[in-house]
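Peer 1: Numbering (my numbering), first residue to last: 17 to 444. Just so it is clear, CB atoms sit at the ideal spot from N, CA and C, and this is done for glycine as well.
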Amino acid sequence: MTEVVNPFEMAQKQFDHVADMLDLDEEVRAYLRYPKKEFHVRIPVRMDNGELKIFDGFRVQHNDALGPNKGGLRFNQHETFDTVRALSMWMTWKCAVANIPLGGGKGGVVVDPTTLSVHEKERLLRNYCRLLWKDFGPRTDIPAPDMGTNAQMMCWFMDEYSQLSGQYTPGVVTGKPVGAGGSLGRNQATGFGVVVCIREAMKKLNLASKGMTASIQGFGNVAQFTAINFIEKLQGIVKCVSCWDRIDKTSYTFYKADGIDPHFLMEITDQYGMIDKKQASEKGYEVLSGDAWLSMDVDVLVPAALEGQITKDNVDKISSQVKIIAEAANGPTTTDADEIIKQKGYFIIPDFLCNAGGVTCSYFESVQNDANFYWSEEEVNGKLDEKMSVAFNSVYEMAKERKVYMRDAAYMVSIQRVVTAMKLRGWV
Ligand SMILES: NC(=O)C1=CN([C@@H]2O[C@H](COP(=O)(O)OP(=O)(O)OC[C@H]3O[C@@H](n4cnc5c(N)ncnc54)[C@H](OP(=O)(O)O)[C@@H]3O)[C@@H](O)[C@H]2O)C=CC1
Ligand SMILES: O=C(O)CCC(=O)C(=O)O
């Protein structure tokens with residue numbers, strides 16, 4: 017039977033498991049198992065053809081013990097309240113593991129962004145902001161780009177908020193374009209951080225990175241910059257990436273035995289992330305089935321698309337040659353599949369550690385906005401590399417010390433930091 021995946025149940029299960037291992041107090045568990053605040057809005061938008069359409073939008077603020085809630089805003093046709101709840105909870109652990117003074121939040125609008133014109137997208141984004149602006153702010157809750165949203169949309173959000181509040185407020189949102197309060201390096205930061213984690217894992221496993229092979233699911237922001245950094249920083253070879261084809265309504269894997277060229281593939285990818293099959297084939301790429309990425313004989317497997325992709329039904333397809341599973345997406349592995357991965361002894365870099373580079377760079381962007389002083393790209397990348405290496409090593413050390421799985425170790429580091437802040441603030 018196909019596994020049904022509710023991301024929020026998955027997030028709670030993961031938390032409960034480590035709460036038991038830490039013998040966490042019942043009151044603390046009750047606090048952390050659910051978000052602190054949730055918003056559901058109905059967003060009216062006048063479409064280009066004059067019709068009025070209403071969209072469902074969510075914002076969830078899980079926990080702000082360490083600092084203001086922080087997390088992306090997704091435009092996704094499959095978004096649910098529970099997905100956003102799970103993602104906000106994972107943001108709490110992500111900020112804590114990265115050791116940045118921020119809490120967990122996430123937002124989502126139920127919409128297929130490919131069906132909207134630019135003007136419709138802008139009206140939807142601005143109306144979402146108008147309905148919720150009093151609950152956002154640089155000291156309250158700070159959104160950022162995520163699936164289906166981008167830097168331009170963050171800029172509209174910043175502009176709308178600034179107009180409503182009567183003050184130029186760049187720090188209300190991160191992931192803005194450079195030149196409008198954005199930080200150099202933010203666009204590539206998540207993929208950059210994924211590769212820092214892979215590099216650190218390789219050091220621990222005594223693997224030389226040169227010539228190591230990888231297979232990546234997805235070809236959006238995170239996947240693209242993971243591929244580029246894996247090739248350029250580690251001198252590795254990316255054998256394939258995959259993408260969703262909205263015309264054929266299926267996904268495809270683009271494979272090249274001697275390694276893909278992410279820059280070429282980016283040139284033939286449209287604004288919604290679809291790679292042109294014809295042009296890829298002409299350049300010698302094999303176009304394989306959407307799940308072919310999972311069974312590749314490679315050293316590093318990188319799910320970088322969606323949640324719930326590695327399930328108990330397909331986990332056995334993972335090659336025994338794989339040495340590292342780097343979870344670049346949020347929640348790509350279901351709890352049942354995770355148990356099998358753990359038993360088989362694959363080295364996993366858990367999602368909220370692996371993809372923490374994005375929010376860490378967002379934090380740098382907020383710091384620059386507050387100071388109104390902007391850093392060079394070298395400075396941003398240097399600080400990001402350091403933060404991600406320290407985060408990886410703190411989790412690795414915890415796993416070694418407690419003899420636990422890397423995911424459990426990441427939870428232990430994060431939960432302890434959040435609970436310490438809650439206790440110091442007198443919440444529990
Ligand atoms: N952007 C960021 O800074 C961060 C993102 N993340 C997480 O990383 C993941 C990817 O996000 P991001 O790259 O920003 O999102 P994008 O929207 O840029 O990319 C998502 C990618 O997944 C592809 N995709 C969708 N469905 C499938 C499928 N069934 N099979 C294969 N590919 C598919 C999309 O293709 P198409 O576009 O054609 O639909 C697209 O290439 C998400 O889980 C997100 O939450 C985590 C931390 C930070
Ligand atoms: O950059 C950010 O603030 C958040 C990024 C995000 O949503 C995520 O890491 O999942």
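Taking Gly-207 as part of the alpha helix (DSSP H), name the residues at either end of that continuous run.
Peer 2: 202 to 220
Peer 1: May I ask you to report which of helix, strand or coil DSSP gives Met-17?
Peer 2: Confidence at Met-17 is low in this model, with a pLDDT of 46, below 50, so the placement of that residue should be treated as unreliable; the coordinate-derived value is given next. In the three-state DSSP reduction, Met-17 falls in the coil class, being neither helix nor strand.
Peer 1: Take Val-375 as the anchor and find which of Ala-114, Ala-425, Ser-178 and Thr-130 has the nearest alpha-carbon.
Peer 2: Ala-114
Peer 1: Does the segment 231 to 239 come into contact with the segment 382 to 396, if we say contact requires no fewer than three beta-carbon pairs (one atom in each stretch) closer than 8 Å?
Peer 2: no
Peer 1: Quick one: is the Cβ of Ala-342 within less than 7 Å of any heavy atom of ligand 2?
Peer 2: no
Peer 1: Relative to the alpha-carbon of Glu-95, which residue among Tyr-268, Ala-81 and His-56 has its alpha-carbon at the smallest distance?
Peer 2: His-56
Peer 1: Would you call Tyr-412 buried or exposed, if buried means 16 or more other Cβ atoms sit within 10 Å of its Cβ?
Peer 2: Within 10 angstroms of the beta-carbon of Tyr-412 lie 16 or more other beta-carbons, which makes it buried.
Peer 1: What separation, rounded to the nearest whole angstrom, lies between the Cα atoms of Ser-430 and Thr-436?
Peer 2: Between Ser-430 and Thr-436, the C-alpha separation is close to 10 Å.
Peer 1: Please go through the segment 345 to 405 and give each complete alpha helix (DSSP H) segment of 4 or more residues, from N-terminal end onward.
Peer 2: 351 to 360, 367 to 370 and 373 to 387
Peer 1: Based on DSSP bridge pairs, tell me the residues matched to Cys-259.
Peer 2: Tyr-268
Peer 1: Would you say the beta carbon of Ala-160 is closer than 7 Å to some non-hydrogen atom of ligand 2?
Peer 2: Because some heavy atom of ligand 2 lies under 7 Å away, the Cβ of Ala-160 counts as near it: yes.
Peer 1: By the three-class DSSP mapping on this structure, what secondary structure does Ser-430 have?
Peer 2: helix
Peer 1: How many angstroms separate the CA atom of Ser-199 from the CA atom of Leu-400?
Peer 2: 12 Å
Peer 1: Hey, could you find the ends of the beta strand (DSSP E) Gln-233 is sitting in?
Peer 2: 229 to 233
Peer 1: Between the C-alpha atoms of Lys-403 and Gly-207, what's the straight-line distance to the nearest angstrom?
Peer 2: 14 Å
Peer 1: For Gln-240, does the three-state DSSP call read helix, strand or coil?
Peer 2: helix
Peer 1: Tell me whether Ser-382 is buried or exposed, calling it buried when 16 or more other Cβ atoms sit within 10 Å of its Cβ.
Peer 2: buried
Peer 1: Any heavy atom of ligand 2 closer than 7 Å to the CB of Thr-190?
Peer 2: Look at Thr-190: its beta carbon is less than 7 Å from one of the heavy atoms in ligand 2.
Peer 1: Could you compute how far the alpha carbon of Asn-79 sits from the alpha carbon of Lys-294?
Peer 2: The straight-line gap from Cα to Cα measures roughly 47 Å.
Peer 1: Since Thr-350 contacts Lys-328 with CB under 8 Å, what's their CB separation in whole angstroms?
Peer 2: The C-beta distance from Thr-350 to Lys-328 rounds to 7 Å, short enough to fall under 8 Å.
Peer 1: Going by DSSP in three states, Leu-89 sits in which element: helix, strand or coil?
Peer 2: strand
Peer 1: Please state the DSSP three-state secondary structure of Thr-285.
Peer 2: Here Thr-285 carries a strand assignment [DSSP, helix/strand/coil].
Peer 1: His-135: which of Ala-320, Met-163, Ile-341 and Trp-172 sits nearest, CA to CA?
Peer 2: Among Ala-320, Met-163, Ile-341 and Trp-172, the Cα nearest to that of His-135 belongs to Trp-172.
Peer 1: Write down every uninterrupted run of the alpha helix (DSSP H) in the segment 30 to 61 whose length is 4 residues or greater and which is fully enclosed by it, in chain order.
Peer 2: Fully enclosed alpha helix (DSSP H) runs of 4 or longer: 42 to 48.
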